[in-house]
């Protein structure tokens with residue numbers, strides 16, 4: 109298992125290479141294709157659900173009034189779309205076990 113750090117595209121490709129036997133280039137292409145499909149779906153306004161892992165959910169936030177914490181001056185916050193991640197119950201349980 110990996111030490112604490114950041115999981116990269118190269119790490120994912122390496123795992124596919126070792127477990128599935130694809131070449132390194134094929135493995136990296138596969139990772140890139142999956143990520144591109146996810147980005148494309150999110151750009152089109154679709155949520156992305158990966159069973160047993162979690163869901164990437166788009167939310168539209170309305171315009172609201174915020175306050176500058178230093179000065180206390182009210183400022184309008186423009187409406188925007190945000191991306192959130194909700195972990196599946198399986199992932200939550202796995203993380204809780206450590």
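In our numbering, the protein residues as written are 109 to 206. Backbone N, C-alpha and C define an ideal beta-carbon position, used for all residues, glycine too.
Residue 124 is classed as buried because its beta carbon has at least 16 other beta carbons within 10 Å across all chains shown.
If you draw a 10 Å sphere on the C-beta of residue 131, you find fewer than 16 other C-beta atoms in it, and that means exposed. Annotation: the stretch 112-175 contains the following complete segments of the alpha helix (DSSP H) (minimum length 4 residues), in chain order: 117-128, 132-151.
Residue pairing by DSSP places residue 177 opposite no residue, since no beta bridge is assigned to it.
In the DSSP assignment, residue 182 forms a beta bridge with 175. Around the beta carbon of residue 135, 16 or more other beta carbons sit within 10 angstroms, so the residue counts as buried.
Note that the C-beta distance between residue 163 and residue 126 is not below 8 Å. The stretch 160-174 makes contact with the stretch 184-200; the number of CB pairs closer than 8 Å reaches 3 or more. As a beta-bridge residue in DSSP terms, residue 194 pairs with 163. Contact fails between the stretch 135-154 and the stretch 172-181, because fewer than three Cβ pairs, one in each stretch, are under 8 Å apart.
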